[in-house]
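Input: a single structure, listed below in structure tokens.
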Amino acid sequence: MRTRYRIQRRALLGGGVGVALAAVPGTRVPVAQSLDRVSFQTNWRAQAEHGGHYQAVTAGIYRRHGIECDLRMGGPQQNPVQLLLAGRVDFIMSNGFQALNYVRENLPFLTVAATMQKDPQVLMTHEGNGINSFEDMRGKPMLIGAGGRVTYWPFLRTRFGFTDEQIRPYTFNLGPFMADRNAIQQGFVTSEPFAAQQAGARPRVFLLADAGYENYQQTIDVSQRMVNEKADLVQRFVNATIEGWAQYIAGQDVAAANARIKADNPEMDDARIAYAARMMNERGIIKSGDADTLGIGAMTDARWASFYNGMSRAGLYPPALDIRRGYTTRFVNQRVGLA
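What the sequence shown shows, in mature numbering (1 follows the signal peptide of the UniProt record, and there is no 0), is residues -22 to -1, 1 to 317, in sequence order.
Structure follows, in structure tokens:
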């Protein structure tokens, strides 16, 4: 993953053979039906951080829920939000900021689930250089990308007193970090620390979510029109995705999903995938907080309000936005996947 969070609705086509479906809480499931074809656009190239979706495809979970999912890999030339707005995809992988943007721009789209309870964004430095907390980073140069400056940086500036003078350009090149033992660099807990270790460093990792950064990450976003007209389909897609994630983070028969990830993105290998999966579990990226009791994908009004209020105080959003127009909890919090 990288910092890359770069209107007609596409017609849904019926087709395929009838399949028997298992009942799932909150879903009206017929005994048999033709498969509903939907498209889902990820936010970057295939990786373990998308593993639940790949598991739902390769393990037949989407099909069991009556869905034929066209899983589309993202990349540097893809803008999932623009694809959704243009009606070229049905669902996209996004983040909490985009839900607030829908409200601010008065766009008829919304978030229906949050796969990642914790944003995996980190600041990374070297062990043994005297930096033991976020507070120790105050006043020190940091390698921060353009996307970070308009998302998590205002949080850091407000929370820890960081200043814009600390920012140095980050070009997604590990070289400057490796060359300077005092370097502080942005990254994702699932990827950059692994690369640094492979290059011989001993990185120390500070997860922003553990410092109060409440952004939901890897959300599922969809049009208001689909929610209004095909709520049952939205529910089945969300439930199937959650089941895929429950299997993936448990390591339950995931070989086919990982093989598909590697086929879609040859840069991935077994070691990178295993590291990312381990970090998602150890750091509670997918399952922690509300997800422990409400199920994977959980969202709450209180969490959304707290995130918005913090970002508003940081100057990113105007006061008094009706943020409930940007998300709905009707499709989550049903304990799906909590076996």
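From the three backbone atoms N, C-alpha and C, an ideal C-beta is built for every residue, glycine too.
- Should Gln225 be labelled buried (16 or more other beta-carbon atoms within 10 Å of its own) or exposed? Residue numbering aside, residue 225 sits at position 247 when the sequence shown is read from its first letter. Under this definition Gln225 is a buried residue.
- Query: If you draw a straight line from the alpha carbon of Asp68 to that of Ala209, how long is it in whole angstroms?
  - Reply: Numbered from 1 along the sequence shown, position 90 holds the residue referred to as residue 68. Numbered from 1 along the sequence shown, position 231 holds the residue referred to as residue 209. Separation of Asp68 and Ala209 (C-alpha to C-alpha, rounded to the nearest whole angstrom) is 13 Å.
- Item | Spatial neighbours of Ala91 in its chain, beta-carbon cut-off 8 Å, leaving aside the 5 residues before and after | Numbered from 1 along the sequence shown, position 113 holds the residue referred to as residue 91. If we look at Ala91 and ignore the five residues flanking it on each side, its Cβ neighbours are Thr197, Ile198, Val216, Thr219, Ile220, Gly275, Met277, Phe309 and Val310.
- Task: Would you mind reading off the limits of the alpha helix (DSSP H) that contains His31?
- Result: What you label residue 31 is simply residue 53 of the sequence shown in a count that begins at 1. Annotation for His31: the continuous alpha helix (DSSP H) segment containing it runs Gly29 to Thr36.
- Task: Return the CA-CA distance between Ile263 and Met94, expressed in angstroms with no decimal places.
- Result: Along the sequence shown, read from residue 1 onward, the residue named residue 263 stands at position 285. Along the sequence shown, read from residue 1 onward, the residue named residue 94 stands at position 116. Taking the straight line from one Cα to the other gives about 5 Å.
- Message: At 3 residues or longer, what runs of the beta strand (DSSP E) sit wholly inside the region 96 to 161?
- Response: 99 to 104, 120 to 122 and 145 to 147
- Message: Tell me which residue opens and which closes the beta strand (DSSP E) that Asp199 is part of.
- Response: Reading the sequence shown from its first residue, position 221 is the one you call residue 199. Its beta strand (DSSP E) spans residues Gln195 to Ser201.
- Query: With 16 as the cutoff for other CB atoms within 10 Å, does Asn84 come out buried or exposed?
  - Reply: Position 106 of the sequence shown, counted from the first residue, corresponds to residue 84. Its Cβ having fewer than 16 others within 10 Å, Asn84 is exposed.
- Item | Counted within 10 angstroms of its Cβ, other Cβ atoms place Val81 as buried (16 or more) or exposed | Position 103 of the sequence shown, counted from the start, is the residue given in the question as residue 81. Result: buried.
- Item | Test item: CB-CB of Asn73 and Asn107 under 7 Å | Indexing the sequence shown from 1 puts residue 73 at position 95. Indexing the sequence shown from 1 puts residue 107 at position 129. The answer is no: Cβ separation not under 7 Å.
- Just how far apart, CA to CA, sit Arg291 and Val35? By one-based count along the sequence shown, residue 291 stands at place 313. By one-based count along the sequence shown, residue 35 stands at place 57. Going from the Cα of Arg291 to the Cα of Val35 covers about 41 Å.
- Query: In its own chain, which residues sit with a C-beta less than 6 Å from the C-beta of Ala24, not counting the 5 before and 5 after it?
  - Reply: Here residue 24 corresponds to residue number 46 of the sequence shown, with the count starting at 1. Around Ala24: Met51, Ile239, Asp242 and Asn243.
- Query: When the distance is taken between beta carbons, is Tyr130 closer than 7 Å to Leu186?
  - Reply: Here residue 186 corresponds to residue number 208 of the sequence shown, with the count starting at 1. Here residue 130 corresponds to residue number 152 of the sequence shown, with the count starting at 1. Using a Cβ distance threshold of 7 Å, Leu186 and Tyr130 count as a contacting pair.
- What are the boundary residues of the alpha helix (DSSP H) that Arg256 is part of? Indexing the sequence shown from 1 puts residue 256 at position 278. Per DSSP, Arg256 belongs to the alpha helix (DSSP H) from Asp248 to Glu260.
- Does the Cβ of Pro132 have 16 or more other Cβ atoms within 10 Å, making it buried, or fewer, making it exposed? Start at 1 with the first residue of the sequence shown, and residue 132 comes out as number 154. By the neighbour-count rule (16 or more Cβ atoms within 10 Å), Pro132 is buried.
- State the Cα-Cα distance for the pair Trp282 and Arg261, rounded to the nearest angstrom. Position 304 of the sequence shown, counting from 1, holds the residue named residue 282. Position 283 of the sequence shown, counting from 1, holds the residue named residue 261. Approximately 21 Å, taken between the alpha carbons.
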